[in-house]
Each structure stands twice: as structure tokens, then as C-alpha cells.
Amino acid sequence: MSGRPSPFTSCKRTPSAPREVLSMMCSFHGADEPAMVATRKNDRQIPLMKQPCIWTHAVNHASMRFAICFLAAVRVCTAEVADPDPGRFAKAIAKFADHDKASPPPKGGIVFTGSSSIRLWDLNKWFPKLKPLNRGFGGAHFSDSNHYLEQTVLKYEPSIVVVFNGSNDVWNKKPPMQVLEDFREFRDRILKRTPKCRLMVLPVKPSPKRVSIIEAEKALNALLKSEAEKDARIIFVGAAFEVLMKGEQPDASLFDEDMLHLNEKGYERWVKLVRPLLKN
């Protein structure tokens, strides 16, 4: 027998994993959510999530469509991946500090933070009257945002924080549940420091370059949406994913030449969603 761990033993059975992840995966594959599974012994309906062994019995007796959903769900639930070294952003963070010394921003403003989709966003062009602060740094994971949260967000005591992150996490094979835990730390630290702050969460965006991980992106977005619904101070802008799609694929006309980052047309679609929320 191979020394490679079984997906059943390596998968963490975390009680915090929302049911909608499996439901979403089944929806993606065109199947119904397998909420109940009948056993061969007496055909008694047993709630799937209460099966003593995760889904193994269900796969033996459910439809082929459910088996497909099961395999997709296993991909979502895997061992954690080590965080990259946040020190690679030391120079970028130092530039933020230099900018603050030269032109100290007022407290209580709007801060955009996250990875390169934030860094490349010309906020002064799209939101001139709001004067938001751009504290995005390219290639960031949520773990990096947490490492530099004091320098990039907390010190400004913002009234609104707009975050886009998680894309690089998923691309580097971090399981969605691991990224969710990093988001929870991000959220908790901000709302603890500034309880009246509003947090606007942009979903992990689809892109032609990373279309191979679109299932994992959708899984993470489902988790973020579920988490946002627990607190009225958090807004999950789910439509920011859909407006970049053309049918079942990312709309290439909305992306730069690298097919990863948004072009002006792509940002314009985001702005139409975000601007009204910032004004309100």
C-alpha cells in the first residue's frame, strides 16, 4: 500500500466548514445536494453530515453525479500549506511608511488593501472625491495582509476597508478553509480595533490565466459569503465575480495582456458595484 495519505485521513473534519461548500460544488457539477443518504440495510434516511465516516458509505450507494461532487469536495478539504515568507514585501511596506511621513493621511478614511488587483487599481481616478488610500501589494496572500495589518490598515483607523485577497492563496494550493481562517483573523483584528468600521470583501475573481482553479475560487467565495452574512458590518460583493464572466468562462476582453489582471474595462465593472456601496 502506498505511503500517500488517504483523502479521508488527511482531510480535516472541522465543524466550522459550512455545508454550502458541498452544495455549491454539487450545483457546479449539475447535481442535487445529497442532504440524505439511504443505507442498504434498511433504507432508513440518514443525514449525510452525520455519517460516521465522511462520505465513504454515501459514495457506495449514491448516484454517479454525487460521486463527482464528492471528488470535487475532497479537493477542497486537504492539508494546510505553509505560508510564504512575508519578508518579501518589506520594501513595499517601507514605501507606504515613507509616503505616510511625507503626506500623513487622515484617520477615519477609506482603505483599499490586498494583492495586485488592489495595487493596480487607480483609485484616485475612479474615486476622486472619496480619496481612498491604496495599500495593496502584489502577490500577497491573506497571511501577508495579516502580518502587515498594523502598517497597512489598523494605523489609519479606517471607517471602511475594501479588501481583495485570496487569489494567490488558492493558486498556491492553499485549501479554501485555510484561507478562510486567515480571513477571520483579518476581520477580527480590524473590527476589534475599529468596531464601527465597515468591511467590504471582494470575491476572488476569475481570470483566463487561472481558469484551472475556478472551482476552488468558487469554493472560497462561498465560504467568504457565508462568513460575511454573520455580521452586518461586512459586505460581500459577490457580483464582482459574475460581472467578469462570459457564460461559463472569464471574459478575456476585461483582462490585461497577462490574462490575470483587470484592464480599464474590467475595473469599470468593479467600480459600478463598489462606488454606490462606498457612498452609502
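Numbering (our numbering), first residue to last: -18 to 261. Yeah, the Cβ is synthetic: ideal placement off N, Cα and C, and Gly gets one too.
A Cβ-Cβ distance of about 4 Å is found for the pair A209 and F217, placing them in contact under the 8 Å criterion.
Contact between R116 and F93 holds, with the beta-carbon distance rounding to 7 Å and staying under 8 Å. G90 is positioned such that its CB atom lies closer than 8 Å to that of Y137. Listed in chain order, the non-local C-beta contacts of S98 below 7 Å within the same chain comprise F145, K186, H242 and L243, local neighbours out to five positions each way being set aside. Around the beta carbon of R100, a 10 Å sphere encloses 16 or more other beta carbons of the protein chains shown; the residue is thus reported as buried.
Collapsing the DSSP output to three states places R69 in a helix. Following the DSSP letters along the chain, one finds M158 inside the alpha helix (DSSP H) bounded by residues P157 to R174.
With respect to the 8 Å criterion, F123 and F77 are not classified as neighbours on the basis of their beta carbons. The criterion of a C-beta distance shorter than 8 Å is satisfied by G147 and L201. Annotation: the continuous alpha helix (DSSP H) that includes I195 extends over I195 to A209.
Counting of Cβ neighbours within 10 angstroms places A203 among the buried residues, the total reaching 16 or more.
Taking all protein chains in view, the Cβ of Q159 is crowded by 16 or more other Cβ atoms within 10 Å, so the residue is classified as buried. If you ignore the 5 residues before and after K112, its C-beta comes within less than 8 Å of the C-beta of G90, I91 and N105, all in its own chain and listed in chain order. Inside the region 222 to 258, DSSP marks no whole beta strand (DSSP E) run of 3 or more residues. 8 Å or more divides the Cβ of L259 from the Cβ of F118.
When K155, T175, P156 and K72 are compared, the shortest CA-CA separation from K88 is found for T175.
Taking C-alpha positions only, Q230 is separated from S84 by approximately 43 Å. With respect to the 8 Å criterion, P189 and A220 are not classified as neighbours on the basis of their beta carbons.
Excluding sequence positions up to five before and after N149, its CB lies within less than 8 Å of the CB of S96, G120, A121 and H122, all in the same chain and listed in chain order. Per DSSP, the unbroken alpha helix (DSSP H) holding L104 starts and ends at L104 to W107. Taking C-beta atoms under 8 Å as the contact rule, L135 and I194 fail to qualify, at a distance of about 31 Å. Sequence-distant partners of R179 (beyond 5 residues in either direction) whose C-beta falls short of 8 Å from its own C-beta, in its chain, are S140, I141, V142, R214, I215 and I216. For F123, the enclosing alpha helix (DSSP H) starts and ends at F123 to H128. Closest in C-alpha terms to D64, from the list G228, E249 and N153, comes N153. Taking 8 Å as the cut-off, the Cβ atoms of P67 and D125 count as close.
Around the beta carbon of N127, 16 or more other beta carbons sit within 10 angstroms, so the residue counts as buried.
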